[in-house]
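Notes to accompany the following structure.
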Amino acid sequence: MQTSLSATHELAPASTRLSAPDAVVMAIVAGLSLTLYGILAVRLAQGVYLDYYNLAFDFDPVRTVDALASSPPDFLNVKHPLVVLLRPLAWPLLAAGYTAKQSASLIIASFGAATATLCYVFLRKAAIDRPIASALTLLFIVSSTQMFTAVIAETYGIAGFSIILTWVIAQARLTNPSRFRRLRYAAAVLTFGTTVTNAVQTVTAELLVAWRAEGFIRAIRRCVLFGLILAVPILILAIAVWCHDLREYLRNPILALKQVYWLRTKGPREGLGEILLTFFTFSFISPNYSWLMLPEGIDMRDFRDYSFPLAGQIAAPLWLAFAVAGTVAAFCHQRYRVIAAGLAAALVFNLVFHLDFQFRGSLYLYAAHTQFLVFALACGLAPYLRFARASGKLYTGVVVLLVILAGADNLPIAGTFVTDFDHVQTACTPPCEDKVGQ
3 MQTSLSATHE LAPASTRLSA PDAVVMAIVA GLSLTLYGIL AVRLAQGVYL DYYNLAFDFD
63 PVRTVDALAS SPPDFLNVKH PLVVLLRPLA WPLLAAGYTA KQSASLIIAS FGAATATLCY
123 VFLRKAAIDR PIASALTLLF IVSSTQMFTA VIAETYGIAG FSIILTWVIA QARLTNPSRF
183 RRLRYAAAVL TFGTTVTNAV QTVTAELLVA WRAEGFIRAI RRCVLFGLIL AVPILILAIA
243 VWCHDLREYL RNPILALKQV YWLRTKGPRE GLGEILLTFF TFSFISPNYS WLMLPEGIDM
303 RDFRDYSFPL AGQIAAPLWL AFAVAGTVAA FCHQRYRVIA AGLAAALVFN LVFHLDFQFR
363 GSLYLYAAHT QFLVFALACG LAPYLRFARA SGKLYTGVVV LLVILAGADN LPIAGTFVTD
423 FDHVQTACTP PCEDKVGQ
């Protein structure tokens, strides 16, 4: 019998309430991902990677380690203004005898595990059957950007968690806007405090919920009020963290302008094609490394070229076909199209933003800000299906195949990555600060 999308939509499960079996799956997801990410993160911390700038992907892990666990702390900069407030998370680990590098790495691995768990929650709240949601979550766990940002001590792992938390809250509030009224402010503070530009996703999610509940005009008013209220805790925390610098900037406004100007990204910029390739493909399936000799004498590895190991050669086109089909289906689904519209709006902003905001062509650097948006859209076919039916089993089989192929590609690359930096030969003395623009 022929089955249309509209017909299967009628068969989709109506309840989005999480149950005891979901709690079991969430515990398994959290335990599995924390074990995977934790082992890799601690192994990476045994080498010297976290002592340097820019050994891979233009990440600066030495600064994040100092911000989270070293003394004195690194307060980072205005792009990541409140990350230093997460330092209490490291105190139990430091007291237990872990080094600053190990402690920071375990914190990031924990954020990665929490991100994977929230991914499952998002999928289940989208009325996706439990077995299908579980398979999709496994795919997310072994995806490239999720794995690397859960293993490398950098702010991007925290940013990824704050983004998915934002959209989980928004999805719940679409059906009941009175839910999570306070939690959404905490999520917004975390999102802004980790990476200020990701506040756009917070505003987009808030606007979507308000527009759905009250119409566009009232939604604008609601968002203005939300922003005014949100500004209060952000200002209090920012003043507490940056009080010394703020006094200096008030005395010398020219210095403040110079500091902000020098935070602008430098170097050559890539076009839209490379941005799409990185955010839609490399973010999920790791290619072979490209190498870039930096002015300070570091031969940096990055993901820039469409060249894959054998498993990746199969996984990449299969993933792209899966993502395109899912995105089209997402906008055809009566319920899912609403959250899909918000996800797409946030994604378009990031694509346009990174046409200008790049650092010497290192686009994988920013993939954590878009990965969940792309992934959630790619899952748009799943709400139509029930696992008990043949179509649901077939879809789950395709997802499991992607898990196997993506894992066969990403896991060996990540496993080798964490052992590649036991000894590093460079022409500079660590941390080897980059010389672009100096």
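According to the numbering used here, the stretch in the sequence shown is residues 3 to 440, in order. Every residue, glycine too, gets a C-beta built ideally from N, C-alpha and C. For clarity, every value in this text was computed on a predicted model and none was experimentally measured.
Among the options, nearest to residue i - alpha-carbon criterion
| i | options | result |
| --- | --- | --- |
| L138 | S164, V226, I154 and V27 | V27 |
| S364 | A71, R223, I277 and A392 | I277 |
| L294 | S21, L57 and A25 | L57 |
| L279 | P270, D247, H356 and Q104 | H356 |
| A207 | G273, I341, P297 and G159 | I341 |
| L88 | I41, P75 and R249 | P75 |
| F238 | A221, V191, F228 and T196 | Residue identity check: residue 238 is Ile in the sequence provided, not Phe. The shortest Cα separation from I238 among A221, V191, F228 and T196 belongs to V191. |
| L232 | S393, A189, A69 and V400 | A189 |
| A346 | P83, I219 and V330 | V330 |
| H425 | T37, Q48 and V31 | Q48 |
| A332 | V376, N352 and D301 | V376 |
| A32 | G99, P90, A69 and Y122 | Y122 |
| G114 | A69, L91, F124 and L38 | L38 |
| G299 | D436, L125, F61 and R224 | D436 |
| F163 | N200, L322, N178 and P179 | N200 |
| F61 | W321, T418 and F361 | F361 |
| Y100 | R126, T431 and R45 | R45 |
| Q173 | D247, A128 and A43 | A128 |
| S73 | V86, K81, H82 and E272 | V86 |
| L34 | L20, M149 and F124 | M149 |
| L413 | A390, F423, Q427 and F286 | F286 |
| L210 | V234, I236 and P179 | P179 |
| I316 | V400, H82, A378 and R249 | V400 |
Chain-order list of residues whose beta-carbon lies under 7 Å from that of residue i (same chain, five-residue window excluded)
| i | result |
| --- | --- |
| P289 | F305, D307, Y308, S309, F310 and G314 |
| V67 | L52, A102, K103, A106 and A155 |
| V64 | L52, D53, Y54, Y55 and P433 |
| D301 | W293 and M295 |
| R183 | none |
| N352 | H371 and T372 |
| F441 | The requested residue 441 is not part of the displayed model; the chain covers only 3 to 440. |
| R339 | A332 and F333 |
| T147 | S285, A369, A370 and Q373 |
Under the three-state DSSP convention, the category residue i falls into
| i | result |
| --- | --- |
| A29 | helix |
| A233 | helix |
| A390 | coil |
| A347 | helix |
| C245 | helix |
| L78 | coil |
| E208 | helix |
| R19 | coil |
| C225 | helix |
| S8 | Bear in mind that a pLDDT of 46 at S8, under 50, signals an unreliable position, so the number given afterwards is only what the model happens to contain. The answer is helix: DSSP assigns S8 an H, G or I state. |
| D53 | helix |
| Y39 | helix |
| G217 | coil |
| F84 | Phe is not the amino acid found at residue 84; the sequence shown has Leu there. L84 falls in the coil class under three-state DSSP. |
| D68 | helix |
| T196 | helix |
| Y100 | coil |
| E250 | helix |
| S105 | helix |
| M3 | Note that M3 has pLDDT 38, beneath the 50 cutoff, so the model's placement of it is unreliable and no number is given. |
| P255 | helix |
| D24 | helix |
| Q203 | helix |
| D436 | coil |
| L13 | Residue placement at L13 is flagged as unreliable, the pLDDT there being 49, under the threshold of 50; the coordinate-derived value follows with that caveat. Here L13 sits in helix by DSSP. |
Cross-strand partners of residue i (DSSP beta bridge)
| i | result |
| --- | --- |
| A58 | R303 |
Cutoff 6 Å; reference residue i; Cβ partners in own chain excluding five residues on either side
| i | result |
| --- | --- |
| A384 | I130 and I134 |
| L140 | V405 |
| C381 | L138 and G328 |
| G159 | I110, F113, G114, T151 and A152 |
| F228 | E208 |
| W283 | In the sequence on display, residue 283 carries Thr and not Trp. If we look at T283 and ignore the five residues flanking it on each side, its Cβ neighbours are A318. |
| T117 | G162, F163 and I166 |
| R224 | A212 |
Near the ligand GDP: residue i beta-carbon under 6 Å from a heavy atom
| i | result |
| --- | --- |
| I110 | This structure does not include the ligand GDP; it has no bound ligands of any sort. |
Sequence-distant residues of the same chain with beta carbon closer than 8 Å to residue i, five excluded per side
| i | result |
| --- | --- |
| I109 | L70, A71, L88, L91, A92, L95 and A155 |
| G195 | H82, P83, L84, V85, L87, I236 and L239 |
Short CB-CB distance (under 7 Å) between residue i and chain D
| i | result |
| --- | --- |
| Y397 | Protein chains in the displayed structure number just one, and chain D is not present. |
Handout entry: Segments assigned alpha helix (DSSP H), at least 4 residues, entirely inside the region 112 to 188
Key = The qualifying runs are 132 to 143, 146 to 153 and 157 to 177.
Practice task
List in chain order: all unbroken beta strand (DSSP E) runs of 3+ residues lying wholly within the region 271 to 343.
Solution key: The region 271 to 343 contains these whole beta strand (DSSP E) runs: 292 to 295 and 301 to 304.
Practice task
Please go through the region 350 to 428 and give each complete beta strand (DSSP E) segment of 3 or more residues, from N-terminal end onward.
Solution key: Qualifying beta strand (DSSP E) stretches: none in this window.
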